[in-house]
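Protein chains in written order, with the numbering used here: chain S, 49 to 470; chain Y, 49 to 470.
Using N, Cα and C, we set each Cβ at its ideal position, and we do this for glycine too.
Structure, as structure tokens:
Number of protein chains: 2
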Amino acid sequence: MALASTETTATTIDFGPAAALSCRECGARYELGPSFACIECFGPLEIAYDFGAVSREQISAGPTNIWRYRSLLPVPADVADKPNMAPGWTKLVRADRLARELGIRSLHVKDDSGNPTHSFKDRVVAIAVEAARNFGFHTLSCSSTGNLAGAVTAAAARAGLDACVFIPADLEQAKIVMASVYGGKLVGIEGSYDEVNRFCSELIGDPLGDRWGFVNVNLRPYYAEGSKTLAYEIAEQLGWRLPDQIVIPVASGSQLTKIDKGFGELIKLGLVEEKPYRIFGAQAAGCSPVSTAYRAGRDVIQPVKPDTIAKSLAIGNPADGPYVLDIARRTGGAVEDVTDEEIVDAIRLLARTEGIFAETAGGVTVGVLRKLVAEGRLDPDAETVVLNTGDGLKTLDAVAGHARPTAVIRPSLDAFRAAVAG
Amino acid sequence: MALASTETTATTIDFGPAAALSCRECGARYELGPSFACIECFGPLEIAYDFGAVSREQISAGPTNIWRYRSLLPVPADVADKPNMAPGWTKLVRADRLARELGIRSLHVKDDSGNPTHSFKDRVVAIAVEAARNFGFHTLSCSSTGNLAGAVTAAAARAGLDACVFIPADLEQAKIVMASVYGGKLVGIEGSYDEVNRFCSELIGDPLGDRWGFVNVNLRPYYAEGSKTLAYEIAEQLGWRLPDQIVIPVASGSQLTKIDKGFGELIKLGLVEEKPYRIFGAQAAGCSPVSTAYRAGRDVIQPVKPDTIAKSLAIGNPADGPYVLDIARRTGGAVEDVTDEEIVDAIRLLARTEGIFAETAGGVTVGVLRKLVAEGRLDPDAETVVLNTGDGLKTLDAVAGHARPTAVIRPSLDAFRAAVAG
Numbered sequence: 049m050a051l052a053s054t055e056t057t058a059t060t061i062d063f064g065p066a067a068a069l070s071c072r073e074c075g076a077r078y079e080l081g082p083s084f085a086c087i088e089c090f091g092p093l094e095i096a097y098d099f100g101a102v103s104r105e106q107i108s109a110g111p112t113n114i115w116r117y118r119s120l121l122p123v124p125a126d127v128a129d130k131p132n133m134a135p136g137w138t139k140l141v142r143a144d145r146l147a148r149e150l151g152i153r154s155l156h157v158k159d160d161s162g163n164p165t166h167s168f169k170d171r172v173v174a175i176a177v178e179a180a181r182n183f184g185f186h187t188l189s190c191s192s193t194g195n196l197a198g199a200v201t202a203a204a205a206r207a208g209l210d211a212c213v214f215i216p217a218d219l220e221q222a223k224i225v226m227a228s229v230y231g232g233k234l235v236g237i238e239g240s241y242d243e244v245n246r247f248c249s250e251l252i253g254d255p256l257g258d259r260w261g262f263v264n265v266n267l268r269p270y271y272a273e274g275s276k277t278l279a280y281e282i283a284e285q286l287g288w289r290l291p292d293q294i295v296i297p298v299a300s301g302s303q304l305t306k307i308d309k310g311f312g313e314l315i316k317l318g319l320v321e322e323k324p325y326r327i328f329g330a331q332a333a334g335c336s337p338v339s340t341a342y343r344a345g346r347d348v349i350q351p352v353k354p355d356t357i358a359k360s361l362a363i364g365n366p367a368d369g370p371y372v373l374d375i376a377r378r379t380g381g382a383v384e385d386v387t388d389e390e391i392v393d394a395i396r397l398l399a400r401t402e403g404i405f406a407e408t409a410g411g412v413t414v415g416v417l418r419k420l421v422a423e424g425r426l427d428p429d430a431e432t433v434v435l436n437t438g439d440g441l442k443t444l445d446a447v448a449g450h451a452r453p454t455a456v457i458r459p460s461l462d463a464f465r466a467a468v469a470g
Numbered sequence: 049m050a051l052a053s054t055e056t057t058a059t060t061i062d063f064g065p066a067a068a069l070s071c072r073e074c075g076a077r078y079e080l081g082p083s084f085a086c087i088e089c090f091g092p093l094e095i096a097y098d099f100g101a102v103s104r105e106q107i108s109a110g111p112t113n114i115w116r117y118r119s120l121l122p123v124p125a126d127v128a129d130k131p132n133m134a135p136g137w138t139k140l141v142r143a144d145r146l147a148r149e150l151g152i153r154s155l156h157v158k159d160d161s162g163n164p165t166h167s168f169k170d171r172v173v174a175i176a177v178e179a180a181r182n183f184g185f186h187t188l189s190c191s192s193t194g195n196l197a198g199a200v201t202a203a204a205a206r207a208g209l210d211a212c213v214f215i216p217a218d219l220e221q222a223k224i225v226m227a228s229v230y231g232g233k234l235v236g237i238e239g240s241y242d243e244v245n246r247f248c249s250e251l252i253g254d255p256l257g258d259r260w261g262f263v264n265v266n267l268r269p270y271y272a273e274g275s276k277t278l279a280y281e282i283a284e285q286l287g288w289r290l291p292d293q294i295v296i297p298v299a300s301g302s303q304l305t306k307i308d309k310g311f312g313e314l315i316k317l318g319l320v321e322e323k324p325y326r327i328f329g330a331q332a333a334g335c336s337p338v339s340t341a342y343r344a345g346r347d348v349i350q351p352v353k354p355d356t357i358a359k360s361l362a363i364g365n366p367a368d369g370p371y372v373l374d375i376a377r378r379t380g381g382a383v384e385d386v387t388d389e390e391i392v393d394a395i396r397l398l399a400r401t402e403g404i405f406a407e408t409a410g411g412v413t414v415g416v417l418r419k420l421v422a423e424g425r426l427d428p429d430a431e432t433v434v435l436n437t438g439d440g441l442k443t444l445d446a447v448a449g450h451a452r453p454t455a456v457i458r459p460s461l462d463a464f465r466a467a468v469a470g
């Protein structure tokens, strides 16, 4: 099978409406291939499209997963029929109780913990799997802060591909178990995420990594497009309308830039009315290179050594940081950060008001939302969306100290009266 | 608000198409109320309906959650607009790779780990919350083996109700954290689930438990109906068709009996064609009172003291056990059990073939499916569905010994070559 797909690569490649790779910096265009950097200027490559006519009706008639937007993604028209994780169409939860506590009028939580491996990463990986198939790769790989590793190994299992993924060795147990249970190879690296990432770049140039698809390296232009589906879903779930304000976590920064791209495409295609929207980036204080640059009014990101419980956002040298700064400034948003203590408080706040148990990354966005409201930097009367991109079950330790039984008792009414109801 | 709802109870009670409570044993009928046992014969009460006309089109036009079936459930017509967890419409995953390994033709996994708190319990609790609102209860409660406690405390948080839930004190950490993070009271009981359950029955008769809705005791007739939505979804997702064979976990047995009820309703309402289907119950060998009775050809369930890693199925005295025996025998199915080792093997098998990380309960159903196929007791050519009712992240310990990094290395190609790719 591997042979056949290599031989027929030229004729079977099908990226749907994707037309080319184009450099985000200099605009140079390239054929669709497993490339990620411009050979002219080393800028990052992204997908350029020739969109056909796309209607709300056509989308709404699609499956209840990201493939309803297949005509806006670099995937073949029959993608929904292939074995993949079919992520997306997660809930946009109306958060009235949280809104009331924060003192804002209209708030929704886009809750991506409902994805198959319980983080938004299933979205990006699903697109990368199609690219890997197109290019005849046999092994799916990535550098990961944890969630991505689980998403990649699960997707590879389902697609019948090999997997070999790389993580910092000191991750949460839940993420380690999840990344290895699907049967691929999981390699712990003694070092930070940024060191894992550098290692993967080396591996890609080595014969060892031949015909490997690194979802967030050589497949990155395809992979990154998966985040656009968050924008599409939010708009469709609001009744084909953009929100006024949105709070998005910033790790590499890719997700935030792609949500902005997605909103822009919806406007251009006439699927939503044009209107201004403000994009806010959220970081953990213990890994805040982008918010630090934002506050200082700088365009350049100074890499940092992460030290935060929000490990899924612990990227000290974020590739798309400068674009995040651009977008926050252009849309009238901001980039802000919160301490680990504020993250834990925000996880608990979201849980007790809305019944949503978020990962630390969700504590970061809700914490930043709360901070921005308190400081009067977010309009309390405007329609607001906050993202939860992961699941509390993966970062139990963050709240374990606060989440214990009220009491442990013998099974008797007297014991209950004495310990709990007295 | 509590006052108002008490005063207006008589006029605002709205259970949609539900007409009465009726005794499963003697058929005696009662007004809809917070009762669960027949005063004539002590049999369990269940919901009797006056269904209006229900069409496939009407259902398909509904929301992508269990409320699309609101006209088949004891809930008001506007239930989707109220703050609740909106569970359901989880994936029915086509499992070709697993089917191939098992040697069967057509297999789907109904994957309920996609629910808001990652178990099927969100379905039953969502119905119970509506009943609690109808009866003016201020506190939501339950006895639980873990998953239910999380589902109840999350749903109470979102609905703005108090929660006080009871669990055996020795549960998995993930379930304890999840059940307490939403801010309700979590009480650990020194004893088995069956002792927790007995304690709750005492509490219900005590003034301490006044105006408490115990979802699986005094709200049980409403609560249990939530499991019917699994039957509805499976049929709709198969293209409005019943499967030939289905494997369902058995704890109290309620879920299995309600799936059978749901299939029956779909036939009666003309929503699917009538056809025979076989229902198989799955238990853990360490808590197998129903499969033991099945094998022995008995009608009576002998209670056991559970000892299994499948804690969510560890009910030693299953209330609906006799009905499970009836249904398995009537439909030509069976009740079977698997050892803890077979459970772990099955979790890993499902993960590496389909990218689905199941709770131990999912290991039980997949393990029993495998055993039934191997023993020739399940038709390999018939359309088969197996349920996964919970999430692997909640029972990490079951697989932690098998799910470790392949290697931990320095970030260098030499180290990688030596440890992994050599």
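Should residue 65 of chain S and residue 99 of chain S be called a contact, given that it needs their Cβ atoms to be closer than 7 Å?
yes
Since residue 211 of chain Y sits in a beta bridge, which residues does DSSP pair it with?
Y:188
Beta-carbon proximity list for residue 57 of chain Y, same chain, < 6 Å, skipping 5 on both sides
In this prediction, residue 57 of chain Y has a pLDDT of 44, which is less than 50 and means its spatial position is unreliable; nothing more can be read from the coordinates.
Taking just the CA atoms, how far does residue 432 of chain Y sit from residue 426 of chain S?
Cα atoms of residue 426 of chain S and residue 432 of chain Y: separation of roughly 52 Å, rounded to the nearest angstrom.
Against residue 401 of chain Y, what residues of chain S qualify as contacts under a CB-to-CB distance less than 7 Å, listed in chain order?
205
Specify the secondary structure class of residue 31 of chain Y as computed by DSSP and reduced to three states.
The requested residue 31 of chain Y is not part of the displayed model; chain Y covers only 49 to 470.
Tell me the residue span of the alpha helix (DSSP H) that contains residue 248 of chain Y.
Element bounds for residue 248 of chain Y: 241-252.
Of all the options Y:142, Y:466, Y:93, which has the alpha carbon lying nearest to the alpha carbon of residue 285 of chain Y?
Comparing alpha-carbon positions, the option among Y:142, Y:466, Y:93 lying closest to residue 285 of chain Y turns out to be Y:142.
What's the gap between the Cα of residue 256 of chain Y and the Cα of residue 203 of chain Y?
Going from the Cα of residue 256 of chain Y to the Cα of residue 203 of chain Y covers about 22 Å.
Contact between the region 398-410 of chain Y and the region 439-454 of chain Y: three or more CB pairs below 8 Å?
yes
Buried or exposed: residue 380 of chain S, going by 16 or more other Cβ atoms within 10 Å of its Cβ?
Of the residues assessed, residue 380 of chain S falls on the exposed side of the cut-off, its CB having fewer than 16 other CB atoms within 10 angstroms.
Below 8 Å, how does it come out for the region 160-174 of chain Y and the region 452-461 of chain Y: are there three or more Cβ pairs, yes or no?
no
With distances taken Cα to Cα, identify the nearest neighbour of residue 127 of chain S among S:218, S:111, S:140, S:258.
For the residues S:218, S:111, S:140, S:258, the minimum Cα distance to residue 127 of chain S belongs to S:111.
Within the chosen definition, does the region 212-226 of chain S reach the region 237-253 of chain S through at least 3 CB pairs nearer than 8 Å?
Taking one beta carbon from each stretch, the region 212-226 of chain S and the region 237-253 of chain S have 3 or more pairs nearer than 8 Å; the two touch.
Find out if the Cβ-Cβ distance for the pair residue 296 of chain Y, residue 435 of chain Y is shorter than 7 Å.
yes
Please list the partners that residue 356 of chain Y has in chain S, where partner means a Cβ-to-Cβ separation under 7 Å.
Chain S residues near residue 356 of chain Y: none, gap ~20 Å exceeds 7 Å.
What separation, rounded to the nearest whole angstrom, lies between the Cα atoms of residue 383 of chain S and residue 393 of chain S?
20 Å
Does the beta-carbon distance from residue 177 of chain Y to residue 207 of chain Y come in below 7 Å?
yes
I'd like the ranges of any alpha helix (DSSP H) spanning at least 4 consecutive residues and lying wholly in the region 105-184 of chain S.
144-150, 169-182
Counting C-beta neighbours from all protein chains within 10 Å, is the total for residue 87 of chain S 16 or more, i.e. buried, or is it exposed?
exposed
Assuming residue 138 of chain S and residue 162 of chain S are in contact, meaning their beta carbons sit under 8 Å apart, how far apart are those beta carbons, in whole angstroms?
4 Å
Does residue 254 of chain Y come within less than 7 Å of chain S when only Cβ atoms are used?
In terms of beta-carbon proximity, residue 254 of chain Y lines the interface with chain S, with at least one pair separated by less than 7 Å.
Could you give the distance in angstroms between the alpha-carbon of residue 419 of chain Y and the alpha-carbon of residue 159 of chain Y?
20 Å
With H, G and I counted as helix, E and B as strand and the rest as coil, what does DSSP make of residue 200 of chain S?
helix
For residue 241 of chain Y, which residues in chain S fall below 7 Å Cβ to Cβ?
Residues of chain S passing the Cβ test: none, with the nearest at roughly 11 Å.
How is residue 404 of chain Y classed by DSSP in three states: helix, strand or coil?
Here DSSP, grouped into helix, strand and coil, assigns residue 404 of chain Y to coil.
At least one CB of chain Y closer than 7 Å to the CB of residue 237 of chain S: is that the case?
Chain Y, which has a Cβ nearer than 7 Å to the Cβ of residue 237 of chain S, makes this yes.
Looking at the structure shown, is residue 344 of chain S part of a helix, part of a strand, or coil, going by DSSP?
Of the three classes helix, strand and coil, the one that applies to residue 344 of chain S here is helix, per DSSP.
Skipping 5 residues on each side, what residues in its chain have a beta carbon closer than 6 Å to that of residue 53 of chain Y?
In this prediction, residue 53 of chain Y scores a pLDDT of 34, lower than 50, which makes its location untrustworthy; no coordinate-derived value is stated.
Compile a chain-ordered list of the residues in the region 209-223 of chain S whose CB is closer than 7 Å to at least one CB of chain Y.
217, 221, 222
Is there a Cβ from chain S that is less than 7 Å from the Cβ of residue 147 of chain Y?
no
Cα-Cα separation, residue 91 of chain S to residue 400 of chain Y
37 Å
I'd like to know whether the C-beta of residue 231 of chain Y is nearer than 7 Å to at least one C-beta of chain S.
Interface residue (Cβ-Cβ distance to chain S less than 7 Å): residue 231 of chain Y is classified as such.
Take residue 368 of chain S as the anchor and find which of S:269, S:180, S:188 has the nearest alpha-carbon.
Considering only alpha carbons, the answer is S:269.
Residue 468 of chain S at chain Y interface by Cβ criterion, 7 Å:
yes
Could you tell me which residues DSSP puts in a beta bridge with residue 296 of chain S?
S:329
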